[in-house]
Amino acid sequence: YAVLKGKLDAGKLCDTLANATMVPEEVRPRVQSDLADIFWLVGLQLEADEERSKKEKKPLVLLIKELLREKVLLPDLLKTRLEPEMLQETELITDHAQFNKQQVRMNTRTLYTQQKYNLFREESEGYSKLITELS
42 YAVLKGKLDA
52 GKLCDTLANA
62 TMVPEEVRPR
72 VQSDLADIFW
82 LVGLQLEADE
92 ERSKKEKKPL
102 VLLIKELLRE
112 KVLLPDLLKT
122 RLEPEMLQET
132 ELITDHAQFN
142 KQQVRMNTRT
152 LYTQQKYNLF
162 REESEGYSKL
172 ITELS
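Sequential numbering of the sequence shown, starting at 42, is according to the numbering used here.
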């Protein structure tokens, strides 16, 4: 929030988070995950309040871009956490409607695709019992 309000320079925050002595490697994934969650929450709050959104959304987008450029945050992590509109503003995706469509297709494919079993190879005992029951 300090960066969004202009009390803290985004560059200083990025330098601090990119510094290996300030953020050791063993805690870096946790910090990245927490930052992605924070940006998601702040983005939702800004969407709900249009007046705040006008003033604070641009610094948030610039901060995310800076953290991506410094490799403090991973693009794949943000793609799983942030809203599609925010991803488009941070230039991680080109079209949020197309991203939504792809996401729905992928979820549908994983949830509703029926797996095929080869009963001869997988479960020969069960298949032989089925044949004897049908005979």
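Just so you know, even glycine gets a beta-carbon here, dropped at the ideal spot from N, CA and C.
It should be emphasised that the depicted structure is a prediction, and the values quoted were computed from it without experimental measurement.
Write down the C-beta distance between K89 and L114 rounded to the nearest angstrom, noting that I regard them as a contact closer than 8 Å.
-> According to the sequence provided, residue 89 is Ala. The question's Lys does not apply to it. Incorrect: roughly 23 Å between the Cβ atoms, too far for contact.
Alpha carbon to alpha carbon, how far is A59 from K112? Give it in angstroms, no decimals.
-> 8 Å
When the Cβ atoms of the stretch 121-139 are set against those of the stretch 96-111, are three or more pairs found closer than 8 Å?
-> yes
Using DSSP with H/G/I as helix, E/B as strand and the rest coil, what is G47?
-> coil
Span separating the alpha-carbon of D136 from that of E126 = 8 Å
Can L118 and Q155 be called in contact, C-beta distance under 8 Å?
-> no
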